[in-house]
Amino acid sequence: MIWRVIFAMLLVATVTLLGIGSRGRGEVRSVPRAAFTSNAEAAAHQDSSHEGNADRGQELFLLGNLACRACHSLKPGDDRESAPSLFGIGSRATREEIERSILEPSAEFAPGYKNVTIFLLGTEEALSGRLLIDSADYVIVQDYAGDEIRIERSKIKTIEVGISDMPNGLTQYLTPQQFADLVAFLMALTTSQEY
Ligand code: HEC
231 MIWRVIFAML LVATVTLLGI GSRGRGEVRS VPRAAFTSNA EAAAHQDSSH
281 EGNADRGQEL FLLGNLACRA CHSLKPGDDR ESAPSLFGIG SRATREEIER
331 SILEPSAEFA PGYKNVTIFL LGTEEALSGR LLIDSADYVI VQDYAGDEIR
381 IERSKIKTIE VGISDMPNGL TQYLTPQQFA DLVAFLMALT TSQEY
């Protein structure tokens, strides 16, 4: 019950911020960037009343100016420096996880793409890179030169998690329907679907 109220409040706030009510009167829709908080954005987009259309989502992904393809491949095994391949994403992630990946890229990281800075005990030294392996005894970090470095846990003071290389707000100008279409397209990218 309470979450419904919170959701409704966020939705009203978002609608007000977006000026959706004034669109019909032909006013220019100008949206200050700061008006978007990830929660309000999520509330506006994750409206379950919108059934996504995967074909329209494919058009958005392939032809739209969303920049997804600048970083992501859709081919199997084509994980790049810039981003993991989205091949099979519909088989390994739920709809909620996919939505979250887009709306809050830094909330969770695809395996091997977590940006970290590791501070070592007894020294001012720190090492930044991507966390490739995170085991009980040691971690393996790929530094920005591409070298893989193994560090024993016993030598680590702290591990700070940074932000994702995937920018926030990429889909903020999509309508809720377009966002649902984009997610439906990604959901349809199963391991038997090759591009
Ligand atoms: C500047 C590069 C960049 C752009 C542009 C970009 N992404 Fe990403 N994306 C990443 C990186 C890096 C990751 C892995 C780190 C993370 O999970 O945040 C990622 C992760 C993801 C994931 C989770 C993948 C997994 O295997 O868990 C999804 C889904 C995704 N992106 C969708 C999109 C969509 C849709 C767009 C376009 C609206 C987009 N990305 C644009 C870099 C990018």
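Count the sequence shown with the working numbering and you get residues 231 to 425, in order. Glycine included, each C-beta is placed from N, C-alpha and C at the ideal position. Only a predicted model underlies this, so the values are computations on that prediction, with no experimental measurement involved.
Answer yes or no: do residue i and residue j have a C-beta to C-beta separation smaller than 7 Å?
i    : j    : result
G294 : D411 : no
A284 : A418 : yes
I381 : S336 : no
K305 : S321 : no
T347 : A340 : no
H280 : Q408 : no
D395 : R383 : no
Give every residue of the same chain whose Cβ lies closer than 7 Å to the Cβ of residue i, excluding the five residues on either side of it in the sequence, and list them in chain order.
i    : result
E311 : none
E378 : L362, I370, Q372
T388 : F349
A297 : L400
T405 : none
For residue i, I'd like the list of residues in its chain whose CB is within less than 6 Å of its CB, leaving aside the five on either flank, ordered along the chain.
i    : result
G287 : D411, L412, A414, F415
C301 : S312, A313
V391 : V346
N398 : none
I319 : L416, L419
Looking at the structure shown, is residue i part of a helix, part of a strand, or coil, going by DSSP?
i    : result
S358 : strand
E382 : strand
F349 : strand
I393 : coil
F266 : Low local confidence applies: a pLDDT of 49 at F266 is under 50, so the model's placement there is unreliable, and no value is given.
S365 : coil
Q402 : coil
L285 : It is Asp, not Leu, that sits at residue 285 in the sequence shown. Three-state DSSP puts D285 in a helix.
Q372 : strand
With a CB to CB cut of under 8 Å and the five nearest residues on each side skipped, what residues in its chain are close to residue i?
i    : result
S422 : none
I386 : I348, F349, L350, L351, V369
G307 : S315, F317
Buried or exposed, going by whether 16 or more other CB atoms sit within 10 Å of the CB of residue i?
i    : result
S365 : exposed
R360 : buried
I401 : Rather than Ile, the amino acid found at residue 401 in this sequence is Thr. T401 is buried by the Cβ-count criterion.
E424 : exposed
L290 : buried
L292 : exposed
E326 : exposed
E329 : buried
Am I right that residue i and residue j are in contact with their C-beta atoms under 8 Å? What's the rounded C-beta distance?
i    : j    : result
S358 : Y343 : In fact, because the Cβ distance is near 14 Å, the residues do not count as touching under 8 Å.
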